[in-house]
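Notes follow the structure.
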Amino acid sequence: MVGSVVLTLAPDENFMRLVNVTGANETNAPGESLMEVDIEAREAQRVMVACAITVLVGIFQVAMGLLQVGFLVRYLSDPLVGGFTTAAAFHVFISQIQTILSVPSHNHNGLFAFAYTLIDVGRNIDQTNIADLIAGLLTIFIVMTVKEINTMFQHKIPVPIPIEVIVTVIASAVSHVMDLNSNYGASIVQNLPRGFAPPKTPNLEVMRNISSSSFSTAVVGYAVAVSVAKVYAAKHDYTIDGN
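Counting in the UniProt record's numbering, the sequence shown runs from 1 upward without gaps.
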């Protein structure tokens, strides 16, 4: 939901800039102007919008806690909880599949956005980056295997194996040593800024535009958290307090 709001308020179209083509090729004449996305400005705006949503969602959820709205939990039936968590997992899977395949896809939001995403992925499946696909599948296999080992031997292992951190470190080292980006076109994060960004007051105009979306995100976030808690409560035979 946060991603949908971010893409709505900071789409690529708002950050197009002119680029002068100094050379000539088969499709562009010398001196011709082209449009490209100002990635730095776009990402800065998207981070600002995401931060504003985070602040508002936190405020709404604190207010919900103070008002003791946890009584709503009793209206969440087991079938609804099961369907809700399954749907959430499905949406997460759809949002990540284009990243694993590294295929071009438009940013969709709204009703049937996941269906449009699947259509884009299907149309461009022949452009799958094999290096990214292998890395993604290998990472999934390793993480799931170690997670099962942690569960099976949880009484013998004093501390669960932090496989996510280990995989991240090893993958970063392999990518750097083998130069996967240059040799195989693998997607990488590029440079990461050092330290933390200085604190900044969220833009009030943006906060006004996202107030309704932030409230719905706060409610859905609460529902997801409670739904997952109820699943584990039913599995391990204990009760939860919605407040």
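Beta carbons: idealized from backbone N, C-alpha and C, even for Gly.
Please read all numbers here as calculations on a predicted model, not as lab measurements.
Helix or strand or just coil, what does DSSP make of residue i?
| i | result |
| --- | --- |
| Ala24 | Legend: pLDDT at Ala24 = 49, less than 50; position of this residue unreliable, no value from coordinates given. |
| Leu137 | helix |
| Val177 | helix |
| Ala115 | helix |
| Arg17 | strand |
| residue 244 | This structure cannot speak to residue 244, because the chain is shown only from 1 to 243. |
| Val49 | helix |
| Val169 | helix |
| Ser105 | coil |
| Tyr75 | helix |
| Thr8 | helix |
| Asn150 | helix |
| Lys230 | helix |
| Tyr222 | helix |
| Lys235 | helix |
| Leu67 | coil |
| Gln190 | coil |
| Phe196 | coil |
| Thr54 | helix |
Might you give, ordered along the chain, the residues of its own chain that have their beta carbon closer than 7 Å to the beta carbon of residue i, omitting 5 neighbours on each side?
| i | result |
| --- | --- |
| Thr85 | Ser227, Val228, Val231 |
| Tyr184 | Ala131 |
| Val103 | Val121, Asn124, Ile125, Gln127, Thr128 |
| Ala225 | none |
| Phe60 | Ser214, Phe215, Ala218 |
| Val73 | Val226, Gly242 |
Measuring alpha carbon to alpha carbon, tell me which residue in the options is nearest residue i.
| i | options | result |
| --- | --- | --- |
| Val47 | Ala223, Asp241, Pro202 | Pro202 |
| His106 | Ile97, Thr117, Gln96 | Thr117 |
| Ser214 | Pro11, Glu40, Ala63, Gly242 | Ala63 |
| Gln98 | Leu66, Leu137, Arg17 | Leu137 |
| Val143 | Ile134, Ile161, His155, Met152 | Ile161 |
| residue 319 | Val167, Ala10, Val73 | Outside the modelled stretch of the chain, which goes from 1 to 243, sits residue 319, for which no answer is possible. |
Apart from the five residues on each side of it in sequence, which residues of its chain come closer than 8 Å, Cβ to Cβ, to residue i?
| i | result |
| --- | --- |
| Ser175 | Asn181, Ala186, Ile188 |
The ligand HEM and residue i: does the residue's C-beta get closer than 6 Å to at least one heavy atom of that ligand?
| i | result |
| --- | --- |
| Ala234 | Here there are no bound small molecules, and the ligand HEM is not part of this structure. |
With a cut-off of 7 Å, does the C-beta of residue i fall near any C-beta of chain C?
| i | result |
| --- | --- |
| Ala135 | No chain C appears in the structure shown, which is made up of a single protein chain. |
So, at 6 Å on beta carbons, what are the nonlocal neighbours of residue i in its own chain, with the 5 sequence-adjacent residues on each side left out?
| i | result |
| --- | --- |
| Val69 | none |
Given 8 Å as the limit, is there contact between the segment 194–201 and the segment 33–44, that is, 3 or more CB pairs closer than that? no
Looking at C-beta atoms only, is the number of pairs between the segment 3–17 and the segment 204–222 that lie closer than 8 Å three or more? yes
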